[in-house]
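Written below as structure tokens is the structure these notes are about.
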Amino acid sequence: MDGNHKALARARAIEMVLEELGIDPARFAIEWVSSAEAPRFAEVVTRFTETIRRLGPNPMRPEMAQAV
2 MDGNHKALAR ARAIEMVLEE LGIDPARFAI EWVSSAEAPR FAEVVTRFTE TIRRLGPNPM
62 RPEMAQAV
């Protein structure tokens with residue numbers, strides 16, 4: 002199994018853990034972008050930022066603050 006496939010398998014596992022914790026898995030993303038694809042990189046980051054803004058604040062944040 003090559004590195005990209007390992008990363009994808011780990012990403013799926015992370016998504017499942019997030020769901021179990023009650024965190025929307027959309028708060029996590031994995032994309033492959035070449036260093037030669039600056040416009041695509043900007044698009045991926047912009048799209049993810051919009052997704053996070055739409056989801057609003059992290060629902061775990063208050064609980065995390067109390068645990069520290």
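The opening position of the sequence shown corresponds to residue 2 in the numbering used here, with each subsequent residue numbered one higher. Using N, Cα and C, we set each Cβ at its ideal position, and we do this for glycine too.
Run of the alpha helix (DSSP H) containing Glu32, from where it starts to where it stops = Careful: Glu32 lies outside any alpha helix (DSSP H) and carries neither H nor E.
Can you give, in chain order, each stretch of the alpha helix (DSSP H) that sits fully within the segment 33 to 65 and has at least 4 residues?
-> If only complete runs of 4 or more residues are kept, the segment 33 to 65 shows the alpha helix (DSSP H) at 39 to 56, in order along the chain.
Close beta carbons around Asn5, own chain, < 7 Å, minus the five adjacent residues each side = Residues Trp33 of the same chain have their beta carbon placed closer than 7 Å to that of Asn5, with the five preceding and five following residues left out of the count.
Report the three-state DSSP secondary structure of Ile15 (helix, strand or coil).
-> In the structure shown, the three-state DSSP call for Ile15 is helix.
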